[in-house]
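Novice:
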Amino acid sequence: MNVVIFGAPGSGKGTQSEKIIEKYGLLHISTGEVLRDHIARKTPVGQIAKTYISQGQLIPDSLMIRILEEIVDSEPKAKEGVILDGFPRTIPQAEALNRFMERRGDKIHHVIGLEVPEEELVERMLRRGQQTGRADDNPETITNRLKVYHESTTPLRDFYIKEGKYRQINGSGSVDEIFNSISEAIDKHNA
Ligand code: AMP
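Counting from 8, one number per residue, gives the positions in the sequence shown under my numbering.
1. Under 7 Å between the Cβ atoms of Leu128 and Gly17?
2. Spatial neighbours of Leu42 within its chain, please: CB distance less than 6 Å, with the 5 preceding and 5 following residues excluded, ordered by chain position.
3. Tell me the DSSP secondary structure of Leu78 in three-state form.
4. If you drop the 5 nearest sequence neighbours on each side, which residues of the same chain put their C-beta closer than 6 Å to that of Ala192?
5. What three-state label does DSSP hand Arg174 in the structure shown?
6. If Gln100 and Phe107 are in contact, beta carbons under 8 Å, what's the gap, nearest whole angstrom?
7. Would you kindly report the start and end of the unbroken beta strand (DSSP E) that includes Glu122?
8. Gly178 and Leu133 - do their beta-carbons sit closer together than 7 Å?
9. Nearest CA to the CA of Ile189: which residue from Ile27, Asn9, Gly14?
10. Are Met8 and His157 touching if we call contact CB-CB under 7 Å?
11. From which residue to which residue does the beta strand (DSSP E) around Ile36 run?
12. Assuming Ile78 contacts Asp143 (C-beta within less than 8 Å), just tell me the rounded distance between them.
13. Taking the beta carbon of Ile168 as the centre, do at least 16 other beta carbons fall within 10 Å, making it buried, or is it exposed?
14. Is the distance from the Cβ of Thr22 to the Cβ of Val182 below 7 Å?
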């Protein structure tokens, strides 16, 4: 089973991914974490990523798609199922992902859409910034990230609704309540 976890920045993708992995044993691929790791290791990709991330902009599609495909191809465990966290974020990324999965004789089964009111997203990111020191969780970058999300990423909702893969989840509430809704949606469609 391959899952995309989808939602605005601050919607709880990382937190819920951890729970989904525990229950369904999938390989977690977070493109944000991959990029932050490149930045920490000061690699050439990290140098490029840093400029975009610090401005709340998306890394160009061609580079992001190449990075994602290389990771999936290099992980033997990916064959048993992955959870993609933070990818795709644009229509070209989603189209590339469909082609890539098809080449592997595989597909995306579920897109878990975490829907959270905007005020709550901002509060959560500001709190995370204070608790973890994550550099892009500051008021100015948060505003840009939400703008980019509305412009470039929200069209994916309709894209995946048309494909019959979108599972709408209320992303407000406790971590366990949200996870229960996710499990129910996955199990219902797998049945
Ligand atoms: P995240 O941890 O998913 O919130 O990602 C943090 C930042 O990494 C984003 O604001 C983007 O700058 C960059 N990023 C992560 N995933 C992608 C992606 N699929 N496409 C473009 N940029 C990305």
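Cβ atoms here follow ideal geometry from the backbone N, Cα and C, with glycine treated the same way.
Specialist: In this structure, then:
1. yes
2. Ala56
3. It should be noted that the sequence gives Ile, not Leu, for residue 78. Helix.
4. Arg174
5. strand
6. At roughly 10 Å, the Cβ-Cβ gap does not stay under 8 Å, so Gln100 and Phe107 are not in contact.
7. 117 to 122
8. no
9. Ile27
10. no
11. 34 to 37
12. Between Asp143 and Ile78 the Cβ distance is about 21 Å, and since that is not below 8 Å, they are no contact.
13. exposed
14. yes
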